[in-house]
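In what follows, a structure is listed as structure tokens, so that the remarks can point back to it.
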Amino acid sequence: MIIRGARGAAAVLCLTAALFAPARAQLVTTHADPAAATTAVELWYRAPSAGYDFTSPGIARMALAAVVASKPAGAASLSELVNRLGGSLSIQVFPDISMVGASVPAASAPAVLRAMTAAFFNPVITPAGLKIAVQDNGVAAASQLYDSAQTLQDALFAELFSEGPAHYAPVPTAAQFAKMAPAEVQSFAARAFRQSNAIFSLAGNVSDALKAAVPASAPALDTPPLDSTLRNAPVETSAAAPVPGMGFAWTGPRISDARAATAMDFIADYLFDPDSGTVIRATRSQPNAFVLGQFVTLHDPGVLLVTLSGASAAALEQPLLDSVSAMAQPLDAATFAKARKIFLYHIMSQIQTPMQRADDAGWYAAEGNAQYAPGDPSDIYLNAVNSLDPQFVAQVARMYLQRPAIVRLIQSSSGGSTAT
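The working numbering runs 234 ahead of the 1-based position in the sequence shown.
In structure tokens, the structure reads:
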């Protein structure tokens, strides 16, 4: 998932994000910079990874990959077109939302957007395109088996949420991808990728020609944000996996609670930033342990995720939990002031490229609060950062950072899980 937290203050003044007219409520642009050489063109959808009835884990990823690989009659596929124009194509699937995007030379952006909307608003999945998608997703599934952080994240979400999109991993097994019926994938694509469910996120050199390529009759979104059902109480489980590790998850505020959500971003940054995080600095004496922490801003609720992996991970469990618990006590004024300046720098440093800006704006819009994106002209996010004080951050920590859900991966050659 996209990391919510560290971005930086240095570039605040050069951000010129803007929304199109209210009639196109789903259309987002960020930092229209005529001097940029490239443009990021993205379509975001409120399309759950396991399907709208949650019976087909991985179908959103399969549909995205099949559409970009399918060739219309007498034309190139979307992936071929983007490659020919010197760009790069990407798809991203999260439990509740999905995205297809391209980074291309600015002059090619209008043509790519037209091709993208033609491919997705009226999707036609060919047998050859579906075959490519099965192969590509099979590789992704095999690779993820050895990604302990992603495995832990998926397992933690499955434990936190009893039902709904967040309960299901966006990338299932290769066998699950292979057994998806063509008609099932086609039906999902037609429902999920319709124009009335599309959010346009454009960044970089956003020309008038690119804006004109956006369908003029684009209606407002017809799909609300997709929430999941929390379990009654956090649980602790273990699961067999090819690589060992452990993960912790605390539920946090919803995206509409901007000040509390920003406080959780601050906590994640203070503890887990790769360079300055206090937990990360403390673990450098353990070369065989790897720690990742982030607050994932979701419609309701957000989630603080922390994963430990490596041979020395077990030794870090209690120190990590102690560090999180310690945030319930206010930082001293000098420490807090320094940490907030670092946090502000991190905020903007993570949205410096067109793709980063488009990702950020698209994510927040899909999760139901486009104006909360850092760099939005409303300055809601930056104002929330500036409003933080040690007492409020500690109050938020006391409210949300109590008992976490815990998943332990036990190294094994076979899969499975056991509740403890």
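All C-beta atoms in this analysis are idealised placements derived from N, C-alpha and C, irrespective of residue type, glycine included.
Which whole-angstrom value is the C-beta distance of alanine 352 and threonine 273, which I expect to be below 8 Å? About 18 Å separates the two Cβ atoms, so there is no contact after all.
Check this for me: beta carbons of phenylalanine 570 and proline 487, under 8 Å apart or not? Going by C-beta atoms, phenylalanine 570 is not nearer than 8 Å to proline 487.
Among the residues of its own chain, which have a CB less than 6 Å from the CB of serine 543, if the five just before and after it don't count? Scanning its chain for C-beta atoms nearer than 6 Å, with the 5 sequence neighbours on each side dropped, one finds around serine 543 the residues Ser382, Gly479, Phe524, in chain order.
Whole alpha helix (DSSP H) runs in the stretch 504-541 with 4 or more residues, listed along the chain? Runs of the alpha helix (DSSP H) inside the stretch 504-541: 512-516.
As a quick exercise: from Ala376, Ala560, Phe288, Tyr634, pick the residue whose alpha carbon is nearest that of glycine 536. Among Ala376, Ala560, Phe288, Tyr634, the Cα nearest to that of glycine 536 is on Tyr634.
Status (buried if at least 16 other CB within 10 Å, exposed otherwise) for alanine 595: Alanine 595 comes out buried.
Using DSSP with H/G/I as helix, E/B as strand and the rest coil, what is leucine 464? In the three-state DSSP reduction, leucine 464 falls in the strand class (E or B).
Kindly indicate the opening and closing residues of the beta strand (DSSP E) around threonine 273. 272-279 is the extent of the beta strand (DSSP E) around threonine 273.
Three CB pairs or more closer than 8 Å across the stretch 634-646 and the stretch 505-513: Here the stretch 634-646 does not lie against the stretch 505-513, with fewer than 3 beta-carbon pairs under 8 Å apart.
Which residues does DSSP pair with glutamate 397 in a beta bridge? Its beta-bridge partners are Thr463.
Would valine 540 and leucine 554 be called neighbours here (beta carbons separated by less than 8 Å)? Contact: yes.
For a quick check, are the C-beta atoms of glycine 527 and alanine 502 less than 8 Å apart? Going by C-beta atoms, glycine 527 is nearer than 8 Å to alanine 502.
Phenylalanine 328 bridges to which residues according to DSSP? Phenylalanine 328 is not bridged to any residue.
Would valine 513 pass as a contact of serine 462 if the rule is Cβ separation under 8 Å? Contact annotation: valine 513 and serine 462 have beta-carbon atoms that are not nearer than 8 Å.
Can you list, in chain order, the residues of its chain with a C-beta nearer than 6 Å to that of alanine 257? Leave out the 5 residues immediately preceding and following it. Its pLDDT being 39, under 50, alanine 257 is placed unreliably in this model, and the coordinates cannot settle the point.
Enumerate, from N- to C-terminal direction, the unbroken beta strand (DSSP E) stretches of 3 or more residues contained entirely within the stretch 420-485. Listed in chain order, the complete beta strand (DSSP E) runs (minimum 3 residues) inside the stretch 420-485 are 432-438, 470-475, 479-485.
Can you tell me which of the three DSSP states serine 646 falls into? In the three-state DSSP reduction, serine 646 falls in the coil class, being neither helix nor strand.
Which of helix, strand or coil DSSP assigns to methionine 350: Three-state DSSP puts methionine 350 in a helix.
Might you give, ordered along the chain, the residues of its own chain that have their beta carbon closer than 8 Å to the beta carbon of glutamine 563, omitting 5 neighbours on each side? The beta carbon of glutamine 563 is closer than 8 Å to those of Ala628 in its chain, skipping five residues each way along the sequence.
Inspect the beta-carbon positions of proline 291 and alanine 284 and report whether they are closer than 8 Å. A contact, by the Cβ cut-off of 8 Å.
In whole angstroms, give me the CA-to-CA distance for valine 316 and leucine 323. Straight-line Cα distance between these residues: approximately 7 Å.
Proximity below 8 Å, CB of leucine 312 to CB of phenylalanine 434: Their beta carbons are not under 8 Å apart, which means leucine 312 does not touch phenylalanine 434 by this criterion.
When burial is assigned at 16 or more other CB atoms within 10 Å of the CB, is tyrosine 380 buried or exposed? Looking at its Cβ environment, which holds fewer than 16 other Cβ atoms inside 10 Å, tyrosine 380 is exposed.
In chain order, what residues of the same chain have a beta carbon less than 8 Å from the beta carbon of alanine 310, not counting five sequence neighbours either side? Cβ neighbours of alanine 310 beyond the five flanking positions: Arg318.
From Thr587, Leu347, Gly372, pick the residue whose C-alpha is nearest to that of alanine 408; which is it? For the residues Thr587, Leu347, Gly372, the minimum Cα distance to alanine 408 belongs to Gly372.
Cutting at 6 Å between CB atoms, please list the residues of its own chain near arginine 642, excluding the five before and the five after it. So the list reads Ser472, Met480, once near-sequence residues are dropped.
Tell me the DSSP secondary structure of methionine 561 in three-state form. Coil, per DSSP.
In three-state terms, what does DSSP make of threonine 407? Here threonine 407 sits in coil by DSSP.
For lysine 572 and leucine 622, I'd like the C-alpha separation in whole angstroms. A straight line joining the alpha-carbon of lysine 572 with that of leucine 622 spans about 13 Å.
Assuming alanine 375 and alanine 294 form a contact by the criterion Cβ under 8 Å, report the distance between their Cβ atoms to the nearest whole angstrom. Contact flag wrong, Cβ pair sits at about 14 Å.
Nearest to serine 421 (by Cα), restricted to the options Thr457, Asp456, Phe355, Pro404: Taking only the C-alpha atoms, the option nearest serine 421 is Phe355.
I need the straight-line Cα distance from tyrosine 598 to serine 430, nearest angstrom please. Between tyrosine 598 and serine 430, the C-alpha separation is close to 18 Å.
Valine 373 (DSSP reduced to helix, strand or coil): Under the three-state reduction of DSSP output, valine 373 falls in the helix class.
Given a cut-off of 8 Å on the beta-carbon distance, is the pair leucine 364 and valine 275 in contact? The answer is no: Cβ separation not under 8 Å.
Which residue's Cα is closest to the Cα of methionine 350: Gly320, Val301, Gly602, Ala516? Shortest Cα-Cα distance from methionine 350 to any of Gly320, Val301, Gly602, Ala516 involves Val301.
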